[in-house]
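Some notes on the structure that comes next.
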Amino acid sequence: MSVTSPSKATHSPSPLALGALFAAALAMGVSPVLVRLADVGPFASAFWRVALALPILWVWMQAEERGRRAAPSRPFGRGTVLAGLFFAGDLFFWHLAIMNTTIANATFFATTAPLFVVLASWLVLRRRVAGPVLVGLAFCLAGGAALIGQSLDIAPQRLVGDGFGIATAVFFGFYFLAVEHARKTTGAARVTFESSLITAAILLVVALVMEPHILPRSGWGLAVLVALAWFSHAGGQGLLAFALGHLPATFSSLVIFLEAVFAAACGWLIAGEALTLVQTAGGLLILFGIWLARPKAPRTAVERQSPVPH
Numbered sequence: 001m002s003v004t005s006p007s008k009a010t011h012s013p014s015p016l017a018l019g020a021l022f023a024a025a026l027a028m029g030v031s032p033v034l035v036r037l038a039d040v041g042p043f044a045s046a047f048w049r050v051a052l053a054l055p056i057l058w059v060w061m062q063a064e065e066r067g068r069r070a071a072p073s074r075p076f077g078r079g080t081v082l083a084g085l086f087f088a089g090d091l092f093f094w095h096l097a098i099m100n101t102t103i104a105n106a107t108f109f110a111t112t113a114p115l116f117v118v119l120a121s122w123l124v125l126r127r128r129v130a131g132p133v134l135v136g137l138a139f140c141l142a143g144g145a146a147l148i149g150q151s152l153d154i155a156p157q158r159l160v161g162d163g164f165g166i167a168t169a170v171f172f173g174f175y176f177l178a179v180e181h182a183r184k185t186t187g188a189a190r191v192t193f194e195s196s197l198i199t200a201a202i203l204l205v206v207a208l209v210m211e212p213h214i215l216p217r218s219g220w221g222l223a224v225l226v227a228l229a230w231f232s233h234a235g236g237q238g239l240l241a242f243a244l245g246h247l248p249a250t251f252s253s254l255v256i257f258l259e260a261v262f263a264a265a266c267g268w269l270i271a272g273e274a275l276t277l278v279q280t281a282g283g284l285l286i287l288f289g290i291w292l293a294r295p296k297a298p299r300t301a302v303e304r305q306s307p308v309p310h
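In UniProt numbering, the protein residues as written are 1 to 310.
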């Protein structure tokens, strides 16, 4: 089976897809650190994050489609266009949240994205959401609150910024559903490249309007932006697009909780930031919730016909 072929309507728990999901979380989890290290403003870094990834994504798309025997996918399908629009909204409001509230608040509210995936799947798409996913989501939310909650600082002057964090979650949730829809007929590379092209065009306008300058001012600044683009975007979003071709969005959206876990682990290992017992318990709750929500392999005919032991 080609790992780059469009998905079929199966959601069996492929180890390769699960591995891609975890790797995507790791790649996206380091992006806030890189944004802080960049020597351009937040909207400029958001633009470069996507724009500098486009050459790699284009090469990946060409390689993917040369390796497929089927005819090339129709360019810029509805799901791909929506994914580009939603991801632009996600990055726009995420950076506004960072500027208008604390990092902890912005991160906490952004981690509510899976709630909007579940609600949209149920209310808009009329899908039945499996019980284990809801239970796993509850554990993840509790874990996220324990991991980040001690740093929360709710204050009237930060309510606008907190609202931007919630808007981030809404856009990121719809991004998951759009990519999942696009992947039914289109390869991961084409979805990621074309949606990134749309996102980059929107963010370029935003950066030109809202930033005093958008070009990096040093070789170090350029290196940071390249790392942000190649590792966090091309790697993170590309792996996520692949995973969404094989796993349901309601489960895959829990990846955002893994970002919080990886961010806390990096702070402990690299920056020497101590983890409290409550934070450690929160990380374990998140991992347990994801394990509970994982897609189950369909039972075989033999298993269904086997008598239940008394």
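By construction, the Cβ of each residue, glycine as well, lies at the ideal position given by its N, Cα and C atoms.
Query                                                                                                                                          : Result
Mapping DSSP to helix, strand and coil, what is SER218?                                                                                        : coil
Helix, strand or coil for residue 326, going by three-state DSSP, please let me know.                                                          : Within the shown structure, residues of the chain are numbered from 1 to 310, placing residue 326 beyond reach of any answer.
To which residues of the same chain is SER195 closer than 7 Å at the C-beta, ignoring the five residues directly before and after it?          : THR80, ALA83, GLY84 and PHE87
CB LEU225 to CB SER14, shorter than 8 Å?                                                                                                       : no
Closest to LEU18 by C-alpha separation, out of ALA106, PHE257, LEU240 and GLU64, would be which residue?                                       : LEU240
Decide if residue 326 is buried, meaning its Cβ has at least 16 other Cβ atoms within 10 Å, or exposed.                                        : Nothing about residue 326 can be read from this structure; the chain reaches only from 1 to 310.
Do you know whose CA, among ARG49, PHE43 and LEU16, lies nearest residue 330's CA?                                                             : Residue 330 falls outside the range modelled here, since the chain spans only 1 to 310, and no answer is possible.
How many Å lie between PHE93 and GLY165 at the Cα?                                                                                             : 7 Å
Helix, strand or coil: which one does DSSP assign to PRO248?                                                                                   : coil
What is the DSSP secondary structure of LEU275, reduced to helix, strand or coil?                                                              : coil
Would LEU254 and LEU177 qualify as a contact pair, given that the criterion is a beta-carbon distance under 8 Å?                               : no
Find the nearest neighbour of PHE108 within the set LEU141, VAL135, VAL118 and VAL133, judged by alpha-carbon distance.                        : LEU141
Using DSSP with H/G/I as helix, E/B as strand and the rest coil, what is ARG78?                                                                : helix
Less than 6 Å between C-beta atoms, sequence neighbours within five positions excluded: which residues of the same chain meet that for VAL205? : none
So, are the CB atoms of PHE22 and LEU203 less than 8 Å apart?                                                                                  : no
How close, in whole Å, do the beta carbons of ASP90 and PHE172 come, if the pair is a contact with beta carbons under 8 Å?                     : 5 Å
Starting from GLN62, follow the alpha helix (DSSP H) in both directions and report where the run begins and ends.                              : 54-66
Go to GLY187, then tell me how far its alpha helix (DSSP H) extends in each direction, as first and last residue.                              : First-last for GLY187: undefined, no H or E at that position.
Measuring alpha carbon to alpha carbon, tell me which of ARG66, ALA130 and VAL160 ends up nearest ALA106.                                      : VAL160
Whole angstroms are fine: how far does the CA of VAL59 sit from the CA of ARG66?                                                               : 11 Å
Can ALA260 and THR111 be called in contact, C-beta distance under 8 Å?                                                                         : yes
Can you check which of these residues, LEU208, ALA249, ALA229 and LEU54, is closest to ALA189 by C-alpha distance?                             : LEU54
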